[in-house]
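Undergrad: Here the numbering used here runs 51 ahead of the position in the sequence shown, where the first position is 1.
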Amino acid sequence: GGANCGMVARPLVKVLRLPPGFGVKETLVLEEALLRHDPSRSNWLVQTVGPAHPVIVLGLSGKPRDLVNLRRWKSYDGHLEVVKRFSGGGTVVLGPDTMLASWVMRGWPAGTNPTLAADSPRADPRAIMSWSEEVYRPMIADCFGPSQAAVFSARENDYVLGDVKFGGNAQAITRGDWVHHTSFLWDWRPEHMALLSQPRKQPDYRKQRSHESFLTPLREHAEAHYAAQEGGSAGGVGGAGGAGGADAASGVGRGEALKDRFWEAMVQAAEAQYDVEHVELDDVIGPLEDALAAAGLGGLREWEEGPKSKRARTRVLGEEELLEELAIQEEMEAAVGTVK
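#1: Give the DSSP-derived three-state secondary structure of Gly219 in the structure shown.
#2: Within this structure, are the beta carbons of Pro147 and Ala103 separated by less than 8 Å?
#3: Note the first and the last residue of the continuous alpha helix (DSSP H) segment covering Ser126.
#4: Given this structure, state the Cα-to-Cα distance separating Trp237 from Val143, to the nearest angstrom.
#5: Skipping 5 residues on each side, what residues in its chain have a beta carbon closer than 6 Å to that of Gly388?
#6: Between the region 321-333 and the region 244-253, are three or more C-beta pairs nearer than 8 Å?
#7: Quick check on Val330: buried or exposed, where buried means 16 or more other Cβ atoms within 10 Å of its Cβ?
#8: Taking C-alpha atoms, which residue in Asp311, Glu207 and Phe217 lies nearest to Phe265?
#9: Could you give the distance in angstroms between the alpha-carbon of Arg87 and the alpha-carbon of Val327?
#10: By Cβ distance below 6 Å, which residues in the same chain neighbour Lys76 in space, the five residues on each side in sequence not counted?
#11: Name the two residues that bound the continuous alpha helix (DSSP H) containing Trp354.
#12: For the region 202-217 against the region 152-164, are there 3 or more C-beta pairs whose distance is under 8 Å?
#13: Taking Ser183 as part of the alpha helix (DSSP H), name the residues at either end of that continuous run.
#14: Where does Ser112 fall in DSSP's three states?
#15: What does DSSP give as the partner residues of Leu212 in its beta bridges?
#16: Would you mind sorting Met180 into buried or exposed? The rule is 16 or more other CB atoms within 10 Å of its CB.
#17: Using a threshold of 8 Å, state whether the C-beta atoms of Asn434 and Asp228 are closer than that.
#18: Applying the 10 Å Cβ sphere with the 16-neighbour rule, what's the burial state of Arg116?
#19: For Phe235, name the three-state secondary structure that DSSP assigns.
#20: Thr149 and Ser261 - do their beta-carbons sit closer together than 8 Å?
#21: Need the endpoints of the alpha helix (DSSP H) that Arg87 sits in, please.
#22: What is the rounded straight-line gap between the Cα of Trp314 and the Cα of Ala152?
#23: Buried or exposed: Met383, going by 16 or more other Cβ atoms within 10 Å of its Cβ?
#24: Given that a residue counts as buried once 16 or more other Cβ atoms are within 10 Å of its Cβ, and exposed if not, what is Glu40?
#25: Does the Cβ-Cβ distance between Ala279 and Gly196 come in under 8 Å?
#26: Which residues in the same chain have their Cβ closer than 7 Å to the Cβ of Gly290, if we skip the five residues on either side of it in sequence?
#27: Quick one: any contact between the region 105-113 and the region 125-139, if contact means 3 or more CB pairs under 8 Å?
#28: Specify the secondary structure class of Gln253 as computed by DSSP and reduced to three states.
#29: Among Leu85, Arg257, Lys114 and Ile379, which has the Cα closest to the Cα of His231?
#30: Assuming Val64 and Leu96 make a contact with CB atoms under 8 Å, what is their CB distance in whole Å?
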């Protein structure tokens, strides 16, 4: 706009909101394709809600035997997908109460290098984390209030309010380009958390706390901030003891409205630093399919399922592989002498 006259043009970020039910593996394959094969070399912010049923997602080097409660996985009888993503970082269970955001950016400072030059400055993981903290702070203030924004920080690989976690992050850095993606915990379900093992390697600040005492769902903070802004009680928002049908319904509607507010506030936070353009999925898929075909990789589906040298790094772990991991996990437990 006019305010930018005479200033260096701000990088453009394309915002893509994926339709509900798009799929976890499909989302990750799409992001991996945008990172490695986007012919326009655009910057992207990809937003998507978690899946209707739980999906476990491991980092690229994660071993199920160390990270997943595989007995519980087996009890789902083939209905619990385990995906290995193309980025590093820890293990998450995604579900309808998680909100996912991924930045696919070119160069450093973030988004400033549209040409793929060998000598372009590389992004450093810690620098990306602190960049993301600054980008997201206004969003936190907007959705959850200034007092929460004051205690919001990026700690190790997590986003925290004080010393409780509400978001997990992972990154992939390739040459000058990079992805930073987050699963935001809007709400949480203990039975989903029980699918994970207590990881041996934990961030220092966790201090071996259980999931229950280590995590804080954003829904509660959004509702508290909403109630404070309304200048009174939270009305029919969750937890209003025994509220009748109408109140409960307005609570559900308000919950959805608060989630929408979160997505909008994220885009506004992006607009503080970047020019933003909203794009539709159909406009993204075609050029990517063409680029993958031109690179001899088929299209998205073929690239996802091709031979190893020509395949996306994102993949679904097969049942056989996971049953082998379960056998190893049981041997390890027997060796330690733990009885579960």
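The beta-carbon is built from N, C-alpha and C at its ideal position, and this holds for glycine as well.
TA: In short:
#1: For the purposes of this step, residue 219 is taken as the residue at position 168 of the sequence shown. In the three-state scheme derived from DSSP, where H, G and I count as helix and E and B as strand, Gly219 is classed as strand.
#2: Translated into positions along the sequence shown, residue 147 becomes position 96. Translated into positions along the sequence shown, residue 103 becomes position 52. Taking 8 Å as the Cβ cut-off, Pro147 and Ala103 qualify as a contacting pair.
#3: Here residue 126 refers to the residue found at position 75 when the sequence shown is read from its first residue. From DSSP, the alpha helix (DSSP H) with Ser126 extends over Leu121 to Ser126.
#4: The residue you call residue 237 lines up with position 186 of the sequence shown. The residue you call residue 143 lines up with position 92 of the sequence shown. When rounded, the distance between both Cα atoms is 14 Å.
#5: The residue labelled residue 388 in the question sits at position 337 within the sequence shown. If you ignore the 5 residues before and after Gly388, its C-beta comes within less than 6 Å of no other C-beta in its own chain.
#6: They do not touch, by the three-pair rule.
#7: Mapped onto the sequence shown, residue 330 falls at position 279. Flag for Val330 reads exposed.
#8: In the sequence shown, residue 265 corresponds to position 214, counting from 1. In terms of Cα proximity to Phe265, the closest of Asp311, Glu207 and Phe217 is Phe217.
#9: For the purposes of this step, residue 87 is taken as residue 36 along the sequence shown, with counting starting at 1. For the purposes of this step, residue 327 is taken as residue 276 along the sequence shown, with counting starting at 1. Cα to Cα, the separation comes out at about 21 Å.
#10: Within the sequence shown, numbered from 1, the residue matching residue 76 stands at position 25. Within its own chain, the residues whose Cβ lies closer than 6 Å to the Cβ of Lys76, once the five positions on either side in sequence are excluded, are Val134 and Val367, listed in chain order.
#11: Residue numbering aside, residue 354 sits at position 303 when the sequence shown is read from its first letter. Annotation for Trp354: the continuous alpha helix (DSSP H) segment containing it runs Leu351 to Glu356.
#12: With a cut-off of 8 Å on Cβ pairs, the region 202-217 is not in contact with the region 152-164, counting fewer than three such pairs.
#13: In the sequence shown, the residue the question calls residue 183 occupies position 132. DSSP places Ser183 inside the alpha helix (DSSP H), whose first and last residues are Pro176 to Phe195.
#14: Walking along the sequence shown from the start, residue 112 turns up at place 61. For Ser112, the three-state secondary structure derived from DSSP is coil.
#15: In the sequence shown, residue 212 corresponds to position 161, counting from 1. Per DSSP, the beta bridge partners of Leu212 are Phe203 and Val215.
#16: Residue 180 sits at position 129 when you count from the first residue of the sequence shown. Buried: at least 16 other Cβ atoms inside 10 Å.
#17: Absent from the model: residue 434. The displayed extent of the chain is 52 to 391, so no value can be given.
#18: The sequence position of residue 116 within the sequence shown is 65, counting from 1. Buried, because 16 or more other Cβ atoms sit within 10 Å of the Cβ of Arg116.
#19: Translated into the one-based positions of the sequence shown, residue 235 becomes position 184. The answer is strand: DSSP assigns Phe235 an E or B state.
#20: Residue 261 sits at position 210 when you count from the first residue of the sequence shown. Residue 149 sits at position 98 when you count from the first residue of the sequence shown. Not closer than 8 Å, so no.
#21: The residue labelled residue 87 in the question sits at position 36 within the sequence shown. It spans Val75 to His88 - the alpha helix (DSSP H) in which Arg87 sits, taken as one unbroken run.
#22: Mapped onto the sequence shown, residue 314 falls at position 263. Mapped onto the sequence shown, residue 152 falls at position 101. Rounded to the nearest angstrom, the two C-alpha atoms are 9 Å apart.
#23: One-based indexing of the sequence shown puts residue 383 at position 332. Met383 is exposed by the Cβ-count criterion.
#24: This structure cannot speak to residue 40, because the chain is shown only from 52 to 391.
#25: As a first step, residue 279 must be located in the sequence shown, where it is residue number 228. As a first step, residue 196 must be located in the sequence shown, where it is residue number 145. Yes, they are a contact pair.
#26: Within the sequence shown, numbered from 1, the residue matching residue 290 stands at position 239. Confidence is the limiting factor: at Gly290 the pLDDT is only 38, short of 50, which leaves the residue's position unreliable, though a coordinate-based value still follows. The answer is none, since no qualifying residue turns up.
#27: Contact holds between the region 105-113 and the region 125-139, because three or more Cβ pairs, one in each stretch, are under 8 Å apart.
#28: As a first step, residue 253 is located in the sequence shown; it is residue number 202 there, counting from the start. In the three-state reduction of the DSSP assignment, Gln253 falls in the coil class.
#29: By 1-based counting over the sequence shown, the position of residue 231 is 180. The residue from Leu85, Arg257, Lys114 and Ile379 with its alpha-carbon nearest to that of His231 is Leu85.
#30: Here residue 64 is taken as the residue at index 13 of the sequence shown, counted from 1. Here residue 96 is taken as the residue at index 45 of the sequence shown, counted from 1. With 8 Å as the limit, Val64 and Leu96 qualify as a contact, their Cβ atoms being about 5 Å apart.
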